[in-house]
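**Student:** I have a structure I would like to understand better, so I am pasting it below and will then ask my questions one at a time.
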Amino acid sequence: MGEATSDILRQRMLCSTSDYCNCRVTRSKNLMEFVEIHPANEKQSKPSPRSGHRAVATDSDLWIWGGYFPRAPQDLPQAESSMFRELWRFNFALKRWTCEKTTGDGPTLTLASHAVCLYQQHLMFVFGGTGFPFGEDVSNDLYILDLNVLKWSKIKLSDQPPEQVYGSSMLIKNEYLYILCGTNSVRYNTDVYEIHLPTMKSKKIGTTFDEIEDPVDAGRYRQEAVLYENKILLFGGGGVSGISFSLKIIPEFDLMTHKWSLRRTTPDPIHNYPVDRKFHSVFKISNTRVLLFGGAHFDLDRSRHTLVEKNLWSFDLDRYEWSKLELQMIIPTYFHAAAMNRRGEIWLQGGVLLTDDDHTGEELTREKRITNLFMCHAQPLRLQEIAWTNFLSKINDESLLTKPNVLSSLMIPKNFIERIH
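Each residue of the sequence shown is one higher than the one before, counting from 1 in UniProt numbering.
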């Protein structure tokens, strides 16, 4: 009998004999179907509405850093009060938000549209970003936050450090960190930097290319980047004139030749292509498949942002083909924070939605920032994870979850107990 099967049988036994469990039937969730996740106690503190923040997800928690909320000038004793210098953690098991205190040398002003990525499941890399007013304070600093001890370290990059930008992308492959794209509000680039993590030596390996006729529009920011074999693929993004880049053509950067190329994609046979977009999310959910959702499209004729469709899109990396899914976002947003953990849960928090309340054409009065939290399963869960999820949903006394000795006596595996903190 396998370990996962034993866990399921153990859970069923506990639910039939223990006062701890309430054996109600819970609704199953379809793959890639978003559901809204509510904190166990709605009265407890949680992040205020924001946009421009970024997130990483571990096995146990969603972590969000930074963000922006517009405030009237009379409400601003300091410009940075529009920015959130906050680290929030949402524990999946407890369904609880915690605003964590950190130590060390961390970012202070550039708290929106930074790039983040997770390394070794406990190190959050943070690069670049902007303060408010946007583009006035821009950074090329690289920070590492150890999520185990909540301590920041500012990293000194040698040789060829990246330019000061916000809206860049950051990826890790083996012992190399890649930072690419972004803007300083004047110049937009698709430069690529390779950082050797053991030595923190930085090298510029890719140069901005002109992908459309107007050379002023070379470069992009708030794109999404995905690693596929030995290439970095770019999806969407924004340009200097406000444009949203098309998803009909995907820029590829070859990590072997250090060259950019453009490759045309195949549309959905019925629904054509996804709308051009920026400020969206893209996740590689399997070796050959990408999931895309959210974002905004800039209407050049009306000079204003519009939301893209609510539907999720799938992209086949082998066939370079788009497929529109019937599944939709519950609330379509852009400038949200989203992250996927190792078991394929995509967590989506906050961001901007557009309302029709304003008829003056003012963009800011149409924007509403939210703090809602959503999740979807992009991959099938292992039996052990299903058993754990069902166990959590059937607990009558939630204080049990904060008693590791009791959980251990119930034969809950140690790696699951350690997720509760």
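We treat Cβ as the ideally placed atom computed from N, Cα and C, and that holds for glycine.
#1: Within 10 Å of its beta-carbon, does CYS99 have 16 or more other beta-carbons around it, so buried, or fewer, so exposed?
#2: In the DSSP assignment, find the beta strand (DSSP E) that holds PRO251 and state where it starts and stops.
#3: Going by beta-carbon coordinates alone, are LYS248 and ARG264 separated by less than 8 Å?
#4: Check whether the region 277-290 and the region 237-247 touch, using three or more Cβ-Cβ pairs below 8 Å as the test.
#5: If you draw a straight line from the C-alpha of ILE420 to the C-alpha of SER51, how long is it?
#6: Select from SER323, ARG382, SER314 and SER286 the residue whose C-alpha is nearest the C-alpha of PRO269.
#7: If you drop the 5 nearest sequence neighbours on each side, which residues of the same chain put their C-beta closer than 6 Å to that of VAL25?
#8: Rounding to the nearest angstrom, what Cα-Cα distance links LYS414 and GLY129 in this structure?
#9: Check the DSSP bridge columns for residue 426 and list the partner residues they point to.
#10: Near PRO39, what residues of its chain come up, given a Cβ to Cβ distance below 7 Å and the 5 sequence neighbours on each side ignored?
#11: On the criterion of 16 or more Cβ atoms from any shown chain inside 10 Å, does SER60 qualify as buried, or is it exposed?
#12: Around the C-beta of LEU177, are 16 or more other C-beta atoms found within 10 angstroms, so that it is buried, or is it exposed?
#13: Bridge partners of ASN311, per DSSP?
#14: Where do the ends of the beta strand (DSSP E) carrying VAL282 lie?
#15: Cβ of TYR166 within 8 Å of Cβ of VAL186?
#16: With C-beta atoms as the reference, is PHE374 less than 8 Å away from VAL35?
#17: Closest by CA to HIS336, which one among GLY295, ARG366 and GLU224?
#18: Is ARG289 closer than 8 Å to ASP254 when the C-beta atoms are compared?
#19: Give the range of the beta strand (DSSP E) segment to which GLN349 is assigned.
#20: Starting from ALA57, follow the beta strand (DSSP E) in both directions and report where the run begins and ends.
#21: Check the DSSP bridge columns for HIS377 and list the partner residues they point to.
#22: Might you give, ordered along the chain, the residues of its own chain that have their beta carbon closer than 7 Å to the beta carbon of ILE172, omitting 5 neighbours on each side?
#23: By how many angstroms is the C-alpha of ASN341 removed from the C-alpha of GLY67?
#24: Residue range of the alpha helix (DSSP H) that ALA387 falls in?
**Tutor:** With the given structure in hand:
#1: Residue burial is scored here from C-beta neighbours: CYS99 has fewer than 16 other C-beta atoms within 10 angstroms and is therefore classed as exposed.
#2: Start and end: 249-254.
#3: Yes, these two residues count as a Cβ contact at 8 Å.
#4: Using a Cβ-Cβ distance cut-off of 8 Å, the region 277-290 and the region 237-247 are in contact, since at least three pairs of beta carbons, one from each stretch, lie closer than that value.
#5: Taking the Cα positions, ILE420 is about 28 Å away from SER51.
#6: With distances taken between Cα atoms, PRO269 lies closest to SER323.
#7: Caution applies to VAL25, whose pLDDT of 33 falls short of 50 and renders its modelled position unreliable; the model cannot decide the point.
#8: Cα-Cα distance, rounded: 38 Å.
#9: The structure shown does not extend to residue 426, since the chain is modelled only from 1 to 421, so the question has no answer here.
#10: Excluding positions up to five away in sequence, the list reads LYS46, LYS95, ARG96 and TRP97.
#11: Only buried fits SER60, as 16 or more other CB atoms lie within 10 angstroms of its CB.
#12: Answer is buried; the Cβ neighbour count reaches 16.
#13: Under DSSP, ASN311 takes part in a beta bridge, and its partners are GLN328.
#14: VAL282 -> beta strand (DSSP E) spans 281-286.
#15: In this structure, TYR166 keeps its C-beta atom at 8 Å or more from the C-beta atom of VAL186.
#16: Taking 8 Å as the Cβ cut-off, PHE374 and VAL35 qualify as a contacting pair.
#17: The residue among GLY295, ARG366 and GLU224 with its C-alpha nearest the C-alpha of HIS336 is GLY295.
#18: Remark: C-beta atoms of ASP254 and ARG289 do not approach each other more closely than 8 Å.
#19: Here the beta strand (DSSP E) through GLN349 covers 345-354.
#20: Judged by DSSP secondary structure, ALA57 falls within the beta strand (DSSP E) whose first and last residues are 54-57.
#21: Bridge partners of HIS377: GLU345.
#22: Closer than 7 Å at the Cβ level, and outside the excluded window around ILE172, lie CYS117 and TYR119.
#23: Spanning the two alpha carbons is a distance of roughly 21 Å.
#24: Boundaries of the alpha helix (DSSP H) around ALA387: 383-393.
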